[in-house]
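Participant: Sending over a structure as structure tokens; questions will come in a sec.
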Amino acid sequence: MRMTESVILTLLRAILVTSLAWPLAWSMASFWRTETRFSVFVRPWIAVLAVIVWMVPPLLLTYAWNRTGLSIIEGELVYQGLLLMRMTPLALLLILCGPRQESSSSAEWLGRELARQHRPLPLWPRFRGSWSRWKWALALVLLFTFQEFELSALLGVRTWTDDLFVDHAGGLPLNQTLKLVIFPAVIALLLALAGQTQHSFFVTGNLQPHQNSAENRPSKLERWSVVGGGLWLVLLGVMFSPLVWLIMQDAWGMGQYLWQGGRQRVILLNEVVTSLLLATTATMIALGLAQYTTRSLTHSAGRIQFEFARWLGYGLLTLGLLGALTIGLTLRGLSVTLADATGWRMSLPLWLLAGVVIKIFPLAWLVESMLQSRRPVAALSLADQVLRLHGQWRLRRVAHTEMGFDQTISQGFHTGSTFQKLANWRFQVALKPRLWLGVLIATFACADVLLTALLAPTGMATGTVRLYNFMHYGHSAALTAEALLLAIVPFALLSVLAMLISICMRSSGIRPRSYDSRHTIPGPSMVIARQTRNS
0 MRMTESVILT LLRAILVTSL AWPLAWSMAS FWRTETRFSV FVRPWIAVLA VIVWMVPPLL
60 LTYAWNRTGL SIIEGELVYQ GLLLMRMTPL ALLLILCGPR QESSSSAEWL GRELARQHRP
120 LPLWPRFRGS WSRWKWALAL VLLFTFQEFE LSALLGVRTW TDDLFVDHAG GLPLNQTLKL
180 VIFPAVIALL LALAGQTQHS FFVTGNLQPH QNSAENRPSK LERWSVVGGG LWLVLLGVMF
240 SPLVWLIMQD AWGMGQYLWQ GGRQRVILLN EVVTSLLLAT TATMIALGLA QYTTRSLTHS
300 AGRIQFEFAR WLGYGLLTLG LLGALTIGLT LRGLSVTLAD ATGWRMSLPL WLLAGVVIKI
360 FPLAWLVESM LQSRRPVAAL SLADQVLRLH GQWRLRRVAH TEMGFDQTIS QGFHTGSTFQ
420 KLANWRFQVA LKPRLWLGVL IATFACADVL LTALLAPTGM ATGTVRLYNF MHYGHSAALT
480 AEALLLAIVP FALLSVLAML ISICMRSSGI RPRSYDSRHT IPGPSMVIAR QTRNS
């Protein structure tokens, strides 16, 4: 009964937050689509702030708010404000990447003009088209709000995820925990299926952001379109103010801790490296699976491959949208069942790796679908064929020994040549966006708490779980420093790694060395001339 009350309360709160986030996101989307100097200047900053909102670990924000001594009502308001701050950019992304509208802008304008000249149309037929196109996005925003855990963990807010996790950690048997998770998992499953079936992108991998077309970009900025962005920026400033104040207050103590804490720095470094290895491996696997499924669904493929990719992507999407708690408990139950049946207990974190891959697969699918829909497929295919014909990817022997050419040379191009520009363009269009979006996904995976707490093997260094436990018992400069380092260091190291990979790919593989007339593949006339001189 207590669990049912928590589920209903969480669902009602999610409906409230979604109903507030959607108008703000719709207003920001209208501002995003305008072509004015102000909107063009502000759009990149909104994107950067949205990324920061999702990259900052939720535990760090709630830790900063928790030390202010909130009451129950204040904690509820702060929790809903934090949810609204995070869900508004998600709703904005789903609106901008929504399905293609069935009618053009000219047809919609003509319909409005005819309605003005004759009798007004009823409200429901006007909004029926928009509702059919956007109910999948509303279901996804509601789903992510319903299954949230980290924000409620330290604020004392009652949610079904926090109640169930605390009960399981307090000694509730796994079989009873799995029985209790069925009811919220069914609700999440219905929302996940609604979010997938209402948009062809989740079934066919086709993401067509119709708002980016020239005919749908108004040149005049309306006043109401600025309201959503302004309110969200105000909310962002209010929600981040305790974190800024916390960093300013603990700056001196954090400096002393970082300077003197020798052994603790080693432990923290071990935790960061462990989290990075796990998150990077899971991100590469998730992106690989997403790339395989989206390409198999959008390109010419056999019937068997198409059906396999469709069901693989559909199944991983459904599991990933169920939430970290449901994924973790399900995999934990499978691991215990397998261990009881075979008597073999896995010491490697393979179950944890599988859980993280499933959790971040929807993000990887979204990234791959965006890249598949935005990049020029025909131009990239032609570039691949041209570069492959010129031997860009490997060293090869240009002639046989009996012909008088006993040397192996690298295939390359002039600096600034047409082929090098083509290779560089291919890297900028096809590989570089995937690389940096993978950095964001891996950073997001590093902040996971639930899967690590449920599936990590004994003795594995888990910084997020350790900080989650310590943050319940008070505040210290050392704890603030460790939380900031666990938030900043993974993103910094992954960014450096991405830059090094980018440089190496452009210098060795994507951007080969010089290629001139002295390193030309010999033709028949050159071979005959060499043989004549030798004879």
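Residue numbers for the sequence shown follow numbering that gives the first Met the number 0, so the first one is 0 and each next one is one higher.
Idealized CB from N, CA, C, for every residue including glycine.
Under 6 Å Cβ to Cβ from R1, same chain only, skipping five residues before and after it: list those, please.
Facilitator: Result list for R1: empty, nothing under 6 Å.
Participant: Please list the terminal residues of the continuous alpha helix (DSSP H) segment that includes M54.
Facilitator: Note, M54: alpha helix (DSSP H), 36-54.
Participant: Please state the DSSP three-state secondary structure of V180.
Facilitator: V180: coil per DSSP, three-state reduction.
Participant: Which residue comes first and which comes last in the alpha helix (DSSP H) that contains E147?
Facilitator: Neither: E147 is in no alpha helix (DSSP H) and is coded neither H nor E.
Participant: What separation, rounded to the nearest whole angstrom, lies between the Cα atoms of Q362 and W435?
Facilitator: Per the sequence presented here, residue 362 reads as Leu, with Gln not at that position. Looking at the two C-alpha atoms, the distance is approximately 13 Å.
Participant: Please identify the residue among W231, L318, L95 whose C-alpha is closest to the C-alpha of T329.
Facilitator: Residue L318 is the option with its Cα nearest to T329.
Participant: Is the stretch 232-244 touching the stretch 448-466, taking contact as three or more C-beta pairs under 8 Å?
Facilitator: As far as the Cβ criterion goes, the stretch 232-244 does not touch the stretch 448-466, which means the pair count is below three.
Participant: Taking Cβ positions, are M84 and T442 nearer each other than 7 Å?
Facilitator: It is not a contact, given that the beta carbons lie outside the stated cut-off.
Participant: Touch check for the stretch 85-93 and the stretch 133-152: three-plus C-beta pairs under 8 Å?
Facilitator: Verdict: yes, contact present.
Participant: What would DSSP say about C96, mapped onto helix, strand or coil?
Facilitator: Three-state result, C96: coil.
Participant: How about T282 and G437: do their beta carbons lie closer than 7 Å?
Facilitator: It is a contact, given that the beta carbons lie within the stated cut-off.
Participant: Quick check: the Cα distance between A278 and V50, rounded to an integer number of angstroms?
Facilitator: Cα to Cα, the separation comes out at about 18 Å.
Participant: Considering just the uninterrupted stretch of the alpha helix (DSSP H) at V438, what are its terminal residues?
Facilitator: Start and end: 431-445.
Participant: Does DSSP put L15 in a helix, a strand or coil?
Facilitator: Three-state result, L15: helix.
Participant: With distances taken Cα to Cα, identify the nearest neighbour of A323 among L163, Y291, L466, A477.
Facilitator: Ranking L163, Y291, L466, A477 by Cα distance to A323 puts L163 first.
Participant: Which same chain residues end up closer than 6 Å to Q304 when comparing Cβ atoms and leaving out the 5 residues on each side of it in sequence?
Facilitator: Cβ within range, chain order: S295.
Participant: Ignore the nearest five residues each way along the sequence and tell me which others in L173's own chain have a CB closer than 7 Å to its CB.
Facilitator: Cβ neighbours of L173 beyond the five flanking positions: R331, G332, V335.
Participant: Using the rule of at least 16 other Cβ atoms within 10 Å of the residue's Cβ for burial, across every protein chain shown, is C503 buried or exposed?
Facilitator: By the neighbour-count rule (16 or more Cβ atoms within 10 Å), C503 is not buried but exposed.
Participant: Round the Cβ separation of R157 and Q79 to the nearest angstrom and send it over; I've been treating them as touching at under 8 Å.
Facilitator: With a Cβ gap of about 13 Å, R157 and Q79 do not count as contacting.
Participant: Is G252 closer than 7 Å to A482 when the C-beta atoms are compared?
Facilitator: No, the Cβ-Cβ distance between A482 and G252 is not below 7 Å.
Participant: Would a C-beta distance cut-off of 7 Å place I326 and I357 closer than the cut-off?
Facilitator: Yes. Within cutoff.
Participant: Let me know the secondary structure DSSP gives L171 once reduced to three states.
Facilitator: Residue state, collapsed to three classes: coil.
Participant: If you follow the alpha helix (DSSP H) that G541 is in, where does it begin and where does it stop?
Facilitator: No answer is possible for residue 541: the residues shown for the chain start at 0 and end at 534.
Participant: Please report the Cβ distance between A480 and Y313, rounded to the nearest whole angstrom; I am assuming they are in contact, meaning their Cβ atoms lie under 8 Å.
Facilitator: With 8 Å as the limit, A480 and Y313 do not qualify as a contact, their Cβ atoms being about 44 Å apart.
Participant: Less than 7 Å between the beta carbons of A491 and P56, yes or no?
Facilitator: No, the Cβ-Cβ distance between A491 and P56 is not below 7 Å.
Participant: Tell me the DSSP secondary structure of G473 in three-state form.
Facilitator: In the structure shown, G473 sits in coil (DSSP, three-state: anything other than H, G, I, E or B).
Participant: Note down the Cα distance separating Y291 from F40, rounded to an integer number of angstroms.
Facilitator: So the two alpha carbons sit approximately 36 Å from each other.
Participant: Within 10 Å of its beta-carbon, does H117 have 16 or more other beta-carbons around it, so buried, or fewer, so exposed?
Facilitator: Only weak support is given to the placement of H117: the predicted model assigns it a pLDDT of 49, under 50, and the question is left unresolved by the model.
Participant: Comparing alpha-carbon positions, which option in G194, L496, I72 lies nearest L137?
Facilitator: Minimum Cα distance to L137 is reached at G194.
Participant: Can you say whether F37 is buried or exposed, counting buried as having 16 or more other CB atoms within 10 angstroms of its CB?
Facilitator: Exposed.
Participant: Between L81 and L150, is the Cβ-Cβ spacing less than 7 Å?
Facilitator: Contact: yes.
Participant: Do you know offhand how far L95's Cα is from A28's?
Facilitator: Roughly 7 Å between the two C-alpha positions.
Participant: With burial defined as no fewer than 16 other Cβ atoms inside 10 Å of the residue's Cβ, what is the status of H167: buried or exposed?
Facilitator: Buried: at least 16 other Cβ atoms inside 10 Å.
Participant: Which value, in whole angstroms, describes the spacing of the CA atoms of Q406 and L496?
Facilitator: Confidence at Q406 is low in this model, with a pLDDT of 39, below 50, so the placement of that residue should be treated as unreliable; the coordinate-derived value is given next. Roughly 35 Å between the two C-alpha positions.
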